[in-house]
Structures are given as structure tokens and as C-alpha cells.
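All the letters of the sequence shown, read from the start, carry residue numbers 1020 to 1260 under the working numbering. Think of the CB as a built atom: it goes at the ideal place given N, C-alpha and C, for glycine as much as any other residue. It should be emphasised that the depicted structure is a prediction, and the values quoted were computed from it without experimental measurement. The block underneath contains the structure these notes are about, expressed in C-alpha cells.
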Amino acid sequence: MRITVLTLFPEMYQDFISTSIIGRAIKNGIVSVDFVQIRDFAHDHYKHVDDKPFGGGYGQVMKCQPVLDALNSVKTEVSYSMMMSPAGNVYTQAKARALSQKDHIILLCGHYEGFDARINKHVDELVSIGDYVLTGGEMASMVIMDSVIRLLEGAIRQGSTEEESHENGLLEYPQYTQPADYQGDKVPDILLSGHHAKIQEWRTKQSLLLTKQVRPDMFEKHTMTPYEKKIWDKIQQEENE
Ligand code: 6GU
């Protein structure tokens, strides 16, 4: 996979692309990441990429010409282009899975008060990473890159992404490691039992209860597998006893 980032601040990405799982994935050739400095496409003497909004109001708006020239310099037939915008479609794990199948992703990052609205129709999608406002799209684009790259074949151990929170519509069960007793705070006995079926049942139960408590919206939407349903019925039964 190739990822191209269009930004005024490529230096913001340097630690991100050289560290940990993302750094290794790039080194191993699982993904290549390149940057386009939007300002390089500004033609006036002062390299202006933004101007005052028509109709008045606060801030500056990113101009069509430098942004679209930058975008067109990297777009190909296989590119999927996304504009980082708090007014975009909300990003999800399902979207990350879909993007992990693409050959080339373009992430367009703005600053100031956003982009001239005429730019919108030149990208495949506007994407928001959540209901809050960032000063620029760079952090959002790193969120997208991180969530996509870790799903690529070979980036992390096979199978380790499958039981995570959001992958099956539920939050993940709690995990523990050594020591089994930390200053009197003990790991649940069942996890030390070596009884795999019982451990799986406990984990599914925790996953269901945690999701219902923390994310009732996810729990409502979730269709239980027959196994989950069996465990859920058991929980209900225990509650009624
Ligand atoms: Cl993608 N961009 C900006 N500027 N703010 C955001 C966002 C994106 N997603 C949530 N807030």
C-alpha cells in the first residue's frame, strides 16, 4: 500500500513514521508513505495557500489552486482521496478495514478555517475522526494511517487484530499480565485455571457486560452470535435468581 499525505506541516509526522509498529511496517516495505508540501504549489511571491473568506468572518480559508494542483500531482486511477474535516463522515473500524484493501490512499490535511468548499468534489470523501475540533487535519490523518497500517498483512502478528474492541461490534474483555497478585489486587482466578472453554466464556461475558455498560449504543446495534446469545441468556438467568 502507498499513502500520500498533503500537508503544510510534513515535519509533524517524523516521529510517527519512524517509531514502533508504523516505523517497522515502512522499513519492511509493507507500506510506503510520502508527503506533498502544499505550499510548493503556491505561485505568488509569498507562497500564499490561504486567503480571507468571502462574505466575511474569522480566519483564513485554504485556496483552490495550490490544494488542487497538489492533489492532481499525486492522484492516479487507483487513488482513494480523503479530506480531513470535522464536517466529514465519522471514521470507524469498519472504514479502517475497507481502507486497508486500497492500493493508494491520499490524505488531504488543512489548517486555518478549512478548505474552499469547491475543493470537496475533487476528493472521494470527507472524513472526521470524532465530534471535536482540531486545529488541523494532521493529527486526524495520523489516526487514520495508524489504524489502517496496523491491519496490513505482516504489520502485526496474524490474528491479533481479530478480538479487539470494535472488530466484532463489542468492546474487548479485560486483559491481565504478571504478577497474579499486585499489592493485593488479584487477577480473576478463572484466567489462571488453564480451562480454555471456561476462560472463553468468561471473556465473552465480560465483553458483553462492559459494552452494555460503557457503550449502550454499540450494544443495541450488536447482533449476538449464537454463542454470545447463550452466554447472555445465562447472565440474565443468574440476575433473576
Ligand atoms: Cl479530520 N479535522 C479537523 N480539523 N478537526 C477534526 C477532524 C478532522 N476530525 C475531528 N475533528
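| query | result |
| --- | --- |
| Counting only the same chain and skipping the five closest in sequence on each side, list residues whose C-beta sits under 7 Å from that of residue 1247. | 1223, 1227 |
| Can you list, in chain order, the residues of its chain whose CB lies under 7 Å from that of residue 1186, leaving out five sequence neighbours each side? | 1112, 1180 |
| Identify, in the order they occur along the chain, each residue of the same chain with its Cβ nearer than 6 Å to the Cβ of residue 1067, setting aside the five sequence neighbours on each side. | 1061 |
| Note down, one range per segment and in chain order, each beta strand (DSSP E) of at least 3 residues found wholly within the segment 1029 to 1101. | 1051 to 1056 |
| Residues bridged to residue 1146 by DSSP? | 1108 |
| Please go through the same chain and pick out, in chain order, the residues whose beta-carbon is closer than 7 Å to the beta-carbon of residue 1231, but skip the five residues on each side of it. | 1238 |
| Please classify residue 1208: does DSSP put it in a helix, a strand, or coil? | helix |
| How would you call residue 1166, buried or exposed, if buried means at least 16 neighbouring beta carbons within 10 angstroms? | buried |
| For the candidate residues 1052, 1039, 1216, whose alpha-carbon lies nearest to that of residue 1122? | 1052 |
| What residues are listed by DSSP as bridge partners for residue 1024? | 1054, 1126 |
| Under 8 Å by Cβ, that's how I've got residue 1045 and residue 1036 pegged, so tell me the actual separation to the nearest angstrom. | 6 Å |
| Distance, Cα to Cα, residue 1090 vs residue 1110? | 21 Å |
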